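Numbering (my numbering), first residue to last: 27 to 138. What follows is a set of notes on a single structure, which appears directly below.
Printed below as a string of structure tokens:
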């Protein structure tokens with residue numbers, strides 16, 4: 027497990043969802059760290075990924091992902107990395123889920 031970068035930073039979420047073949051196979055991974063001050067939570071680091079080595083074997087099987095490692099917000103897709111505008115963590119999750127859903131539909135269509 028990754029250690030917090032700051033003393034008061036804590037792991038807020040660490041989820042792994044194994045997907046059945048009819049849902050595209052692979053796994054979805056969500057890791058989020060942040061600061062909690064009373065009722066307010068500030069996300070400081072995140073890593074969201076769709077991992078499926080049967081779709082893409084490079085980048086440790088990461089087909090699609092978003093994170094803010096290396097000091098900037100960026101998107102991974104089939105081994106390519108591009109900087110992205112950051113609005114909020116919630117908006118990033120929505121974008122990821124939308125892109126993942128479209129990607130799985132395309133994969134399933136091509137498999138038929």
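For each residue, glycine too, the CB sits at the ideal point set by N, CA and C. Here the structure is a predicted model, which means the values were calculated and not measured.
Beta-carbon contacts of residue i that lie in its chain and below 8 Å, excluding the five residues immediately before and after
i	result
residue 53	42, 43, 44, 45, 76, 77 and 78
With 16 other Cβ atoms within 10 Å as the buried cut-off, status of residue i
i	result
residue 64	exposed
residue 62	exposed
residue 27	Model confidence at residue 27 stands at a pLDDT of 48, short of 50, so the residue's coordinates are unreliable and nothing is read from them.
residue 96	exposed
residue 84	exposed
Residue i versus the options, residue with shortest Cα-Cα distance
i	options	result
residue 116	34, 55 and 72	72
residue 134	81, 85 and 104	81
residue 105	87, 55 and 39	87
residue 132	48, 94 and 40	48
Same chain only: Cβ atoms within 7 Å of residue i, ignoring 5 sequence neighbours per side
i	result
residue 119	74
residue 125	90
Supposed close pair residue i, residue j - CB separation, criterion 8 Å
i	j	result
residue 100	residue 89	Not really, about 15 Å apart at Cβ, beyond 8 Å.
residue 67	residue 35	About 11 Å separates the two Cβ atoms, so there is no contact after all.
Same chain, Cβ closer than 6 Å to residue i, neighbours up to 5 away in sequence not counted
i	result
residue 122	74 and 92
residue 107	100
residue 103	90
residue 130	50
residue 114	none
residue 37	59
Minimum Cβ-Cβ distance from residue i to chain C less than 7 Å
i	result
residue 61	Protein chain content of the structure displayed is limited to a single chain, and chain C is not contained in it.
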